[in-house]
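These notes concern the structure reproduced below.
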Amino acid sequence: MGTVYLLRHGETDYHAQRRLLGRIDAGLNDVGLGQAARAKDFFRDIDLAAVYCSPLRRCRETAMPVAEEKGMEIEVMPGLMEVDMGEWDGRHVDELFEVEGETVGLWMANPSSVSIPGGEDFGAVRERVLTATREITSRHPGGDRVLVVTHGGPIRGILCEALRMDLDDMFRVQIDLASVSAVRYFDGGIPETAMVILVNETFHLRPAWG
0 MGTVYLLRHG
10 ETDYHAQRRL
20 LGRIDAGLND
30 VGLGQAARAK
40 DFFRDIDLAA
50 VYCSPLRRCR
60 ETAMPVAEEK
70 GMEIEVMPGL
80 MEVDMGEWDG
90 RHVDELFEVE
100 GETVGLWMAN
110 PSSVSIPGGE
120 DFGAVRERVL
130 TATREITSRH
140 PGGDRVLVVT
150 HGGPIRGILC
160 EALRMDLDDM
170 FRVQIDLASV
180 SAVRYFDGGI
190 PETAMVILVN
200 ETFHLRPAWG
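Note that numbering that gives the first Met the number 0 has the sequence shown beginning at 0, numbered continuously upward.
In structure tokens:
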């Protein structure tokens, strides 16, 4: 059986300012770079066969410390991109709720059937993320451990599929910045033979004791 580790990217200025971030290609801020370094520490003693990553800069910058320490190349997969937030991309959360609160509430309660204005349908998100995940697991059918650095939307989607949860319940799963989740799989891949073994682990982000 293999294991896919799901690492969400670190913080950007958009997150610090409470702005939605979809396809805007923002890099990590200083906090995010520190989170990426701590993620490297988490994976130091884990033998990884490959590192896969969303094309967006915040994910590449999060993946880089792990890949560099292990002397590995990062393989970029477009299917791991964040949800296209359309007209909501970059907007402040408070302003968005004030102006379009009803639509936001409906979308968060029913993401499978309510679309973001000008954005991506979650059915399409599900298909492209599952296609990318199946491609990864098909390349590693044995006992490999692989790292996937991606976004909150794709990680929630993968976990929902692995747990056979309704996609409309995806926002019930907390996925913090720079958190680690993990799914173990057998020869059938994910989600068909998946077992979730870790969700939203953030212990590595806490200050060291001593």
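Glycine is no exception: its CB is placed at the ideal position from the N, C-alpha and C atoms.
The structure presented is a predicted model; accordingly, all values stated were derived computationally and were not measured.
In this structure, how does DSSP classify residue i when only helix, strand and coil are distinguished?
{"i": "Val182", "result": "strand"}
{"i": "Gly209", "result": "Residue placement at Gly209 cannot be trusted, given a pLDDT of 36 that sits under 50; the coordinates are not used to answer."}
{"i": "Met63", "result": "helix"}
{"i": "Gly118", "result": "coil"}
{"i": "Arg7", "result": "strand"}
{"i": "Met84", "result": "coil"}
{"i": "Val261", "result": "Outside the displayed range of the chain (0 to 209) lies residue 261, so it cannot be described from this structure."}
{"i": "Glu191", "result": "coil"}
{"i": "Gly1", "result": "strand"}
{"i": "Thr149", "result": "strand"}
{"i": "Ile196", "result": "strand"}
{"i": "Ile157", "result": "helix"}
{"i": "Asp93", "result": "helix"}
{"i": "Ile73", "result": "strand"}
{"i": "Arg163", "result": "coil"}
{"i": "Ala177", "result": "coil"}
Compute the beta-carbon to beta-carbon distance between residue i and residue j, rounded to the nearest angstrom, for a pair I have assumed lies under 8 Å.
{"i": "Gly33", "j": "Arg57", "result": "Rounded, the Cβ-Cβ distance is 14 Å, inconsistent with contact."}
{"i": "Val148", "j": "Thr61", "result": "5 Å"}
{"i": "Pro116", "j": "Gly85", "result": "5 Å"}
{"i": "Arg18", "j": "Gly89", "result": "6 Å"}
{"i": "Asp44", "j": "His203", "result": "Actually they do not touch by this definition, with Cβ atoms about 12 Å apart."}
At a cut-off of 8 Å, is residue i close to the ligand PLP when judged by its beta-carbon and the heavy atoms of the ligand?
{"i": "Asp29", "result": "This structure lacks the ligand PLP; in fact it carries no ligand of any kind."}
Between residue i and chain B, is any beta-carbon pair separated by less than 9 Å?
{"i": "Val179", "result": "In the structure shown, chain B does not exist; there is a single protein chain."}
Should residue i and residue j be called a contact, given that it needs their Cβ atoms to be closer than 9 Å?
{"i": "Arg183", "j": "Gly156", "result": "no"}
{"i": "Ala38", "j": "Pro54", "result": "no"}
{"i": "Arg7", "j": "Ile154", "result": "yes"}
{"i": "Val3", "j": "Thr192", "result": "no"}
{"i": "Gly1", "j": "Val198", "result": "no"}
{"i": "Arg127", "j": "Met169", "result": "no"}
{"i": "Val82", "j": "Gly152", "result": "yes"}
{"i": "Leu5", "j": "Leu158", "result": "yes"}
{"i": "Glu160", "j": "Ile189", "result": "yes"}
With a threshold of 16 other CB atoms inside 10 Å of the CB of residue i, please say whether the residue is buried or exposed.
{"i": "Pro206", "result": "exposed"}
{"i": "Gly209", "result": "For Gly209, the predicted model reports a pLDDT of 36, less than 50, meaning its position is unreliable; a value from the coordinates is still stated below. Gly209 comes out exposed."}
{"i": "Asp186", "result": "exposed"}
{"i": "Ala108", "result": "exposed"}
{"i": "Ala35", "result": "buried"}
{"i": "Asp171", "result": "It is Arg, not Asp, that sits at residue 171 in the sequence shown. By the neighbour-count rule (16 or more Cβ atoms within 10 Å), Arg171 is not buried but exposed."}
{"i": "Gly104", "result": "exposed"}
### Query
How about the stretch 177-193 and the stretch 12-24: do they share at least three Cβ pairs that are nearer than 8 Å?
By the Cβ rule, the stretch 177-193 does not count as touching the stretch 12-24, because fewer than three pairs are nearer than 8 Å.
### Query
Using 8 Å as the threshold, is the stretch 94-114 in touch with the stretch 35-55, meaning 3 or more CB pairs across them?
Taking one beta carbon from each stretch, the stretch 94-114 and the stretch 35-55 have fewer than 3 pairs nearer than 8 Å; the two do not touch.
### Query
How about the stretch 155-172 and the stretch 135-146: do they share at least three Cβ pairs that are nearer than 8 Å?
The stretch 155-172 makes no contact with the stretch 135-146; the number of CB pairs closer than 8 Å stays below 3.
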